[in-house]
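K.L.:
Position one of the sequence shown corresponds to residue 7 (our numbering), numbered consecutively onward.
This is the structure, below, for whatever I ask next.
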Amino acid sequence: MINKETTFNTEIFSRNFIISFLKTESASGVLLIIFSILAIILANSELSNFYYSIKNSYLSINFESFQIKETVHHWVNDGLMAIFFLVIGLELKREMINGQLSTFSKVLLPGIAAIGGMAVPAIIYIIINKNNPMAMSGWAIPTATDIAFSLAVLSVLGNRVPVSLKVFLLSLAIIDDLGAVMVIALYYTAEISYIHLLYALATFVILMILNLSNIRIISIYIFGGLFLWYFILHSGIHTTIAGVILASTIPFSVKKSSHSPLKYLEEKLHTFSGFIILPLFAFFNADINLGSISFISLTNTVPMGIMLGLLLGKPIGITLLTYISIKTKLCQLPSNVNMYDILGVSFLCGIGFTMSLFINALAFPENINIVSFGQEYSKSGIFFGSILSGILGYVILKIRLKKHE
């Protein structure tokens, strides 16, 4: 009897989380648009010097001989984004333990779709830039999906969209983000400091021991997470990995008359992540120079590879692998969902925006020659690819829903 009640409660717990997640991500998508437009306006106006003085100003943390000094831009990308990936890690762990990714059959279809949605855009980018070795570091830029933006576009269509389709998009995007984390860790890593990596590993082991010892005090894990972040910062691996690693150590178990530490931390950070971190990230990374955008600039192999990777690679990869999985009876489509819906969602996954901008900053440092393959040109590919993907995804799903009214 106890087991049945526990199962029922945890199922409700997972469903409620999905509903609140969708609401938060959809609303934060509006803020992302506002802050992105604001960044573009400031970067292309008489206030550009003021904007860049804030972006490039230094902030430091000093404690006796301990010091971390970074620009505001780097604090957002290396610090706040680590918290964002902590939230992604918490969501992924919860879904894998007791949610939409908790069984092999549930994770298989969005997992296969995510693989296609990452592989095909990368292949398109590599083919287009095969004769430009300096541009090859940008191959992962079109593989990313912006959860907030894609869900925001889907939410505009209202309650007519099947819940199962929203869950499919959510699951696919979470797996896609996990893939992005792996790419960042394995590919966009500078020289490794093995001593700091060893310290980070020791911190992770200690946190896991605390987890296995049923220590449920969140502040202890956060304190350990700060050390983990610091060691990874100096190891050469990007700090966003610290967020995902920390998430794996947070206890999930739900006991009678007690709160899940993972659920508690996710609730506290989710709104902060969606309404503070991502808008700030967009504000300090969406500063595209409109003067550099022209038809000629878009024919450059870098923005062209990114734009076509997002606009064509995402829908081709996701739809094709989903279709093959269904036809071979390896997987089943979610209830009330057909391949036309999958096509529409696959275009929404082409909205790379914040995640693509994040990888773009790693792929093309600011000192790279922007005329041939740098951040300015690649940002134009991200913007146009994401906007066109969002429009096409919306139109396809709008037509589909009208036919079924």
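Cβ atoms here follow ideal geometry from the backbone N, Cα and C, with glycine treated the same way.
It should be emphasised that the depicted structure is a prediction, and the values quoted were computed from it without experimental measurement.
#1: DSSP state of E76, grouped into three classes?
#2: Please name the residue, chosen from K409, K408 and Y400, that lies closest to S161 on a Cα-to-Cα basis.
#3: With L184 and L98 assumed to form a contact (beta carbons below 8 Å), what rounded beta-carbon distance in angstroms separates them?
#4: Which same chain residues, not among the five before or five after I129, have their C-beta less than 8 Å away from its C-beta?
#5: Mind checking who L326 pairs with in its DSSP beta bridge?
#6: Below 8 Å on the Cβ atoms is my contact criterion, and I expect V351 with L175 to pass it. Report the Cβ-Cβ distance as a whole number of Å.
#7: Check Y194 in the structure and name its three-state DSSP category.
#8: Do you know how far the Cα of I201 is from the Cα of F72?
#9: Tell me which same chain residues have a C-beta within less than 6 Å of the C-beta of N50, skipping the five on either side of it?
#10: Ordered along the chain, which non-local residues of its own chain (more than five positions away) have a Cβ less than 7 Å from that of L37?
#11: Which stretch, first to last residue, makes up the alpha helix (DSSP H) that contains N68?
#12: Report whether the distance from the Cβ of I226 to the nearest heavy atom of the ligand ATP is below 7 Å.
#13: Return yes when the Cβ of L363 is within less than 8 Å of the Cβ of I388, no when it is not.
#14: Tell me whether L354 is buried or exposed, calling it buried when 16 or more other Cβ atoms sit within 10 Å of its Cβ.
#15: Can you give me the Cβ contacts of A206 inside the same chain, cut-off strictly under 7 Å, excluding the 5 residues immediately before and after it?
#16: Around the Cβ of S208, are there at least 16 other Cβ atoms within 10 angstroms (buried) or fewer (exposed)?
#17: Just curious, the alpha helix (DSSP H) that F6 is in, first and last residue?
#18: State the DSSP-derived secondary structure class of W235, mapped to helix, strand or coil.
#19: For the candidate residues F289, S254, F287 and I39, whose alpha-carbon lies nearest to that of E272?
#20: Can you tell me whether DSSP reads V159 as helix, strand or coil?
#21: Near N344, what residues of its chain come up, given a Cβ to Cβ distance below 6 Å and the 5 sequence neighbours on each side ignored?
#22: What's the gap between the Cα of V113 and the Cα of S177?
#23: For I198, I'd like the list of residues in its chain whose CB is within less than 6 Å of its CB, leaving aside the five on either flank, ordered along the chain.
#24: So, is H265 buried or exposed, given that buried needs 16 or more other C-beta atoms within 10 angstroms?
#25: Could you tell me the distance, in whole angstroms, from the CA atom of S259 to the CA atom of G85?
#26: Cα separation between I60 and P371?
#27: Beta-carbon within less than 7 Å of I251's beta-carbon, same chain only, minus the 5 sequence neighbours each way: which residues are those?
#28: For the alpha helix (DSSP H) containing F278, name the first residue and the last one.
#29: Quick one: what's got a C-beta closer than 6 Å to I67's C-beta in the same chain, skipping five residues either side?
#30: What would DSSP say about Y400, mapped onto helix, strand or coil?
#31: Since G391 contacts P148 with CB under 8 Å, what's their CB separation in whole angstroms?
#32: Determine the direct distance from the alpha carbon of P127 to that of V173, and round the result to whole angstroms.
#33: Cutting at 7 Å between CB atoms, please list the residues of its own chain near I156, excluding the five before and the five after it.
P.N.:
Taking the structure as given:
#1: Along the sequence shown, read from residue 1 onward, the residue named residue 76 stands at position 70. In this structure, E76 counts as strand in the three-state DSSP scheme.
#2: Residue 161 sits at position 155 when you count from the first residue of the sequence shown. If we check each option's Cα against that of S161, Y400 comes out closest.
#3: Looking up residue 184 in the sequence shown gives position 178. Looking up residue 98 in the sequence shown gives position 92. Going by Cβ atoms, the distance from L184 to L98 rounds to 6 Å, so yes, they are a contact pair.
#4: Start at 1 with the first residue of the sequence shown, and residue 129 comes out as number 123. Excluding positions up to five away in sequence, the list reads G319.
#5: Taking the sequence shown and counting its residues from 1, one reaches residue 326 at position 320. Answer is none; L326 lacks a bridge partner.
#6: Along the sequence shown, one-based indexing puts residue 351 at 345. Along the sequence shown, one-based indexing puts residue 175 at 169. About 5 Å separates the two Cβ atoms, so the contact holds.
#7: For the purposes of this step, residue 194 is taken as residue 188 along the sequence shown, with counting starting at 1. DSSP places Y194 in coil when its eight states are reduced to three.
#8: What you label residue 72 is simply residue 66 of the sequence shown in a count that begins at 1. What you label residue 201 is simply residue 195 of the sequence shown in a count that begins at 1. In a straight line, the C-alpha of F72 is about 17 Å away from that of I201.
#9: As a first step, residue 50 is located in the sequence shown; it is residue number 44 there, counting from the start. Taken in chain order, the residues that qualify are L296.
#10: For this step, residue 37 is matched to residue 31 along the sequence shown. Sequence-distant partners of L37 (beyond 5 residues in either direction) whose C-beta falls short of 7 Å from its own C-beta, in its chain, are F281 and P285.
#11: By 1-based counting over the sequence shown, the position of residue 68 is 62. Not the alpha helix (DSSP H): N68 falls in the beta strand (DSSP E), residues Y64 to F69.
#12: In the structure shown, the ligand ATP is absent, as is every other ligand, since no ligand is present at all.
#13: Mapped onto the sequence shown, residue 388 falls at position 382. Mapped onto the sequence shown, residue 363 falls at position 357. Going by C-beta atoms, I388 is nearer than 8 Å to L363.
#14: Start at 1 with the first residue of the sequence shown, and residue 354 comes out as number 348. When all chains shown are included, L354 counts as buried.
#15: Start at 1 with the first residue of the sequence shown, and residue 206 comes out as number 200. Here the set comprises L234, F237, I238 and S241.
#16: Numbered from 1 along the sequence shown, position 202 holds the residue referred to as residue 208. Note that residue 208 corresponds to Ala in the displayed sequence, not to Ser. Looking at its Cβ environment, which holds fewer than 16 other Cβ atoms inside 10 Å, A208 is exposed.
#17: With the chain running from 7 to 411 in the structure shown, residue 6 is simply not present.
#18: As a position in the sequence shown, residue 235 is number 229, starting the count at 1. W235 carries a helical assignment under DSSP once its states are collapsed to helix, strand and coil.
#19: By one-based count along the sequence shown, residue 272 stands at place 266. The option with the nearest alpha carbon to E272 is S254.
#20: As a first step, residue 159 is located in the sequence shown; it is residue number 153 there, counting from the start. Assigned with DSSP and collapsed to three states, V159 falls in helix.
#21: For the purposes of this step, residue 344 is taken as the residue at position 338 of the sequence shown. Cβ within range, chain order: n/a, list empty.
#22: Position 107 of the sequence shown holds residue 113. Position 171 of the sequence shown holds residue 177. Roughly 8 Å between the two C-alpha positions.
#23: Reading the sequence shown from its first residue, position 192 is the one you call residue 198. For I198, where only same-chain residues beyond five positions count, the Cβ hits under 6 Å are G242.
#24: Walking along the sequence shown from the start, residue 265 turns up at place 259. Classification for H265: exposed.
#25: By 1-based counting over the sequence shown, the position of residue 259 is 253. By 1-based counting over the sequence shown, the position of residue 85 is 79. Taking the straight line from one Cα to the other gives about 28 Å.
#26: Your numbering for residue 60 matches position 54 in the sequence shown. Your numbering for residue 371 matches position 365 in the sequence shown. Their Cα atoms are separated by approximately 19 Å.
#27: Looking up residue 251 in the sequence shown gives position 245. The residues are F210 and L234.
#28: Here residue 278 is taken as the residue at index 272 of the sequence shown, counted from 1. P267 to F278 is the extent of the alpha helix (DSSP H) around F278.
#29: Start at 1 with the first residue of the sequence shown, and residue 67 comes out as number 61. Excluding residues within five positions, the ones whose Cβ falls inside 6 Å are I74.
#30: Mapped onto the sequence shown, residue 400 falls at position 394. It is helical.
#31: By 1-based counting over the sequence shown, the position of residue 391 is 385. By 1-based counting over the sequence shown, the position of residue 148 is 142. The Cβ separation is near 7 Å, so the contact holds.
#32: As a working mapping, residue 173 is identified with position 167 in the sequence shown. As a working mapping, residue 127 is identified with position 121 in the sequence shown. Looking at the two C-alpha atoms, the distance is approximately 23 Å.
#33: Walking along the sequence shown from the start, residue 156 turns up at place 150. Position check: residue 156 holds Ser in this sequence, whereas Ile was assumed. Residues of the same chain with a CB within less than 7 Å of the CB of S156, apart from the 5 flanking positions on each side, are L175, A179, L354, C355 and I357 in chain order.
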